[in-house]
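Student: Have a look at this one.
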Amino acid sequence: MKIILMKFPGEELDASQILSELGETANFFEVREDAMAVYHGVDSAESYVYLQIPLAGEEGSEMKGLQGLCQALHEALVPGHPMVEVLWMEKTLDVAGHSVGKPVAWHYVVETDVLPAAEDDFNDWYSSEHLPGLAAVPGTIRATRYVSDEATPKYFAAYDLETRETFGSEPWLTVRGTEWSSRVRPNFINTKRTMFKKASGSF
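The numbering of the sequence shown is my numbering, which starts it at 229 and goes up by one.
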C-alpha cells in the first residue's frame, strides 16, 4: 500500500483547513477528509498529514499517478505554506501491537537514512527484531514501516501509542537495548525522531 505524506514545518493545521486550501485539486483527485490522518508535533510546531488514495492500474502507471498527485498537492499548498513537503511512501511492514483496538493518542515517528554498507543488516533488524519488538510493548497499538525511494530520509517507522509513557517504558527500552540494536544504530544518518499527538483521523 502506498501513502501520501504532507509535512508542514512550523505549523499546526487541521484537515478541513488543508482541504479548503487544496480547493479544486482535492475535488479532482477525490481527496476526502475521511482518508486523512493529522498529527501535531509535541515538542515543536509541525503537522504530518497522511493521505490514503487508491490508485488503480499497472505499476508503472500507478507510479506516474502518485508522482503527479504529489506534484499537484505541492503546487496547491506551497503558496500558503512555502516549506511544505509532499512525498509518497510504500508500506513495507504493518504489525498489530499489544494494545491493538485501543484509541490512538500519540504517534511516534523515526525517519532515517542508513550507511549503504549496513543497509541489509538494518532492514533485517527492523523487520525481524525491532518493529515486532516495539509492537509487543504494552501501550503500542500498531507499528508500521514505510520506505520512500524518492525522499530523504528514505526509511520511515511510525508507532501508534495509547499513552505517551509507552515510549521510554522499561519494555520499550529493553527492545531498544539489544546487542543487534547497538550494532545497527551507529549506521543511522539524517535521523529525525518526533513525537506527535493525534489531531484527527486514522488508518
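Even for Gly, the Cβ is constructed at its ideal location relative to N, Cα and C.
Going by DSSP, which residues form a beta bridge with W334?
Tutor: According to DSSP, W334 bridges with L389 and K425.
Student: Put P237 into one of helix, strand or coil per three-state DSSP.
Tutor: Residue state, collapsed to three classes: strand.
Student: In angstroms with no decimal places, state the Cα-to-Cα distance between T320 and I231.
Tutor: Taking the straight line from one Cα to the other gives about 11 Å.
Student: Kindly list the residues whose CB is nearer than 6 Å to the CB of E286, restricted to its own chain and excluding five residues on each side of it in sequence; keep chain order.
Tutor: Interpretation of E286 is limited by its pLDDT of 46, a score under 50 that renders its predicted location unreliable; the figure taken from the coordinates is listed afterwards. Once the five neighbours on either side are set aside, E286 has no close Cβ partner at all.
Student: Please confirm if the region 360-375 is in contact with the region 314-333, defined as three or more CB-CB distances below 8 Å between the two stretches.
Tutor: The region 360-375, when compared against the region 314-333, does touch it at the 8 Å Cβ threshold.
Student: Which residues share a DSSP beta bridge with G269?
Tutor: G269 pairs with F424.
Student: Please state whether the Cβ-Cβ distance between V338 and A385 is less than 7 Å.
Tutor: Yes, Cβ-Cβ distance for V338 and A385 is below 7 Å.
Student: Would you identify the three-state DSSP class for T340, choosing helix, strand or coil?
Tutor: Strand, per DSSP.
Student: In the DSSP assignment, find the beta strand (DSSP E) that holds V450 and state where it starts and stops.
Tutor: Residue 450 lies beyond the range of the chain shown here (229 to 431); nothing can be said about it.
Student: Could you tell me if N418 is buried or exposed, where buried requires 16 or more neighbouring beta carbons within 10 angstroms of its beta carbon?
Tutor: N418 should be labelled exposed.
Student: Counting beta carbon pairs with one atom in the region 301-315 and one in the region 405-416, are three or more of them shorter than 8 Å?
Tutor: Contact fails: fewer than three Cβ-Cβ distances are below 8 Å.
Student: Alpha carbon to alpha carbon, how far is A346 from N415?
Tutor: Their Cα atoms are separated by approximately 7 Å.
Student: Do you know whose CA, among F424, P366, K425 and K382, lies nearest E398's CA?
Tutor: Checked all of F424, P366, K425 and K382; the closest Cα to E398 is P366.
Student: What does the alpha-carbon distance come out to for the pair G288 and L294?
Tutor: Legend: pLDDT at G288 = 49, less than 50; position of this residue unreliable, no value from coordinates given.
Student: Going by beta carbon distance, what residues of the same chain come within less than 8 Å of I281, once the five residues before and after it are set aside?
Tutor: Excluding sequence neighbours, I281 sits near I232, F257, E258, V259, A263 and L297.
Student: Return the bridge partner residues of I232 from the DSSP annotation.
Tutor: DSSP output for I232 lists L279 and W316 as bridge partner(s).
Student: Would you tell me roughly how many angstroms separate the C-alpha atoms of E261 and F424, rounded to the nearest one?
Tutor: Taking the straight line from one Cα to the other gives about 19 Å.
Student: In terms of residues, what are the limits of the beta strand (DSSP E) holding A371?
Tutor: Per DSSP, A371 belongs to the beta strand (DSSP E) from T368 to V375.
Student: Assuming the contact rule is C-beta atoms closer than 8 Å, T422 and P381 should be a hit. Round their C-beta distance to whole Å, please.
Tutor: That belief does not hold up - the Cβ atoms of T422 and P381 are roughly 12 Å apart, past 8 Å.
Student: Report the three-state DSSP secondary structure of E274 (helix, strand or coil).
Tutor: Correct three-state label for E274: strand.
Student: Out of A333, W334 and Y383, point me to the one whose CA is closest to Y354's CA.
Tutor: Of the listed residues, the one whose Cα sits closest to Y354 is Y383.
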